[in-house]
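See below for the structure under consideration.
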Amino acid sequence: MIEPFLARDLVRQALSEDLLYGDPTTEALFPKPFDAIGDVVAKEDLVLAGLDLFEIVFQVLDPTVRFEPVFSPGQVVPKGGLIARLTGDGRSILKGERTALNFMQRLSGIATLTRQFVEAVKETSAQVVDTRKTTPGYRALEKKAVRLGGGGNHRFHLGDLILIKDNHIALVGGIKEAVAHARAYSGHPLKIEVEVNTFEELEEAILALPEIIMLDNMDDAAIKKAVSRIRSAAPGVLIEVSGGVTLASVKAIAHTGVDLISVGALTHSAPAVDISLETEGQHA
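Take a look at the structure:
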């Protein structure tokens, strides 16, 4: 969860990028304040996220601008739906338009894509989760958008979990050694997860008995075989799948019986959704 003061800092930074030298267009055309309305409209079906950031943009820019949301975060907004309305000085609405939309379009894109993945696996017990492949500085925002889309959060940061991946294993000398070091270091407060790419590594991981085994870049047949082996040999271990998961492949993966499916694309490849700000008012 992002703290309110951090959200305001991100908004101030974003506004400073756009208003570094002011807004000469708005200042030239509208030298005096004037009343205007700005309607935030969905141009496609979407799952709403970033509503709080949108409001904060105008709180920082001009606290007299009134923000009236129609939909709530996590709700599905149909194409043509009125998301929110702004009323106030038209100059402030024009100056904050792009920054506010950037936050909402980007975060709603993540929530919308996440919902599509979640819907694809709803007939199974598998949970779709994100990864740490997030925009630097925006992780809390993007992971919140994943939750609004119905997905789960994997690690927020490196300290959330001991996740032993291929590079760790290569450098330490093997899975057995890696898990032994991890157990000695953590004393059990942190769960341990081990990534495997082959059945040889899988057998080594089962013997080491971490809390989670990640099957990385395996095809469906291999995943199904690995799930069967883990369920019989280490029934308490959670099973995660990772690597190149797409909307086209996620349903079949979920039906193999895994517990978690981590999808980097939720945050690193989600397309921004189409949202517009439509204004009306009369400048004297």
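Numbered according to this note's numbering, the sequence shown spans residues 796 to 1079. C-beta: ideal position from N, C-alpha, C; glycine also. Since the structure is predicted, the reported quantities are computational estimates derived from the model, not experimental observations.
Contact between the segment 910-921 and the segment 1041-1056 is present: three or more C-beta pairs spanning the two stretches fall below 8 angstroms. A residue is called buried when at least 16 other Cβ atoms come within 10 angstroms of its Cβ; residue 1037 meets this threshold and is buried. Sorting 933, 909, 921 by C-alpha distance to the C-alpha of residue 808 places 933 at the top. Partner residues in the beta bridge of residue 1037, as assigned by DSSP, are 1011.
Residue 862 sits in a strand when the DSSP states are folded into three classes.
Per the coordinates, the alpha-carbon of residue 959 lies some 5 angstroms from the alpha-carbon of residue 989. Taking the Cα of residue 839 as reference, the smallest distance to any Cα among 907, 978, 992 is reached at 907.
When rounded, the separation of the alpha-carbon atoms in residue 953 and residue 1056 is 19 angstroms. When beta bridges are read from the DSSP output, residue 882 appears opposite 832, 861.
Beta-carbon to beta-carbon, residue 957 and residue 977 are separated by about 5 angstroms, close enough to satisfy the 8 angstroms threshold.
In the assembly as shown, residue 981 is an exposed residue. Its beta-carbon has fewer than 16 other beta-carbons within 10 Å.
Between residue 987 and the set 1071, 994, 998, 1003, the nearest pair of CA atoms involves 1003. Bridge pairing for residue 888: absent [DSSP]. Here residue 966 carries a helix assignment [DSSP, helix/strand/coil].
Scanning 890, 876, 853, 863 for the CA closest to the CA of residue 824 turns up 890. Residue 1040 holds the alpha-carbon nearest to the alpha-carbon of residue 1011 among 1031, 1040, 1025.
Burial is judged here by how many other beta carbons sit within 10 angstroms of a residue's own beta carbon; residue 939 has at least 16 and is buried. Under the three-state reduction of DSSP output, residue 929 falls in the coil class, being neither helix nor strand. The beta carbon of residue 806 lies closer than 6 angstroms to those of 851, 852, 855 in the same chain, with the five residues before and after it left out. The residues 928, in chain order, have a CB closer than 7 angstroms to that of residue 1063 in the same chain once the five nearest residues on each side in sequence are set aside. The distance from the Cβ of residue 887 to that of residue 843 is about 23 angstroms, inconsistent with a contact at the 8 angstroms cut-off.
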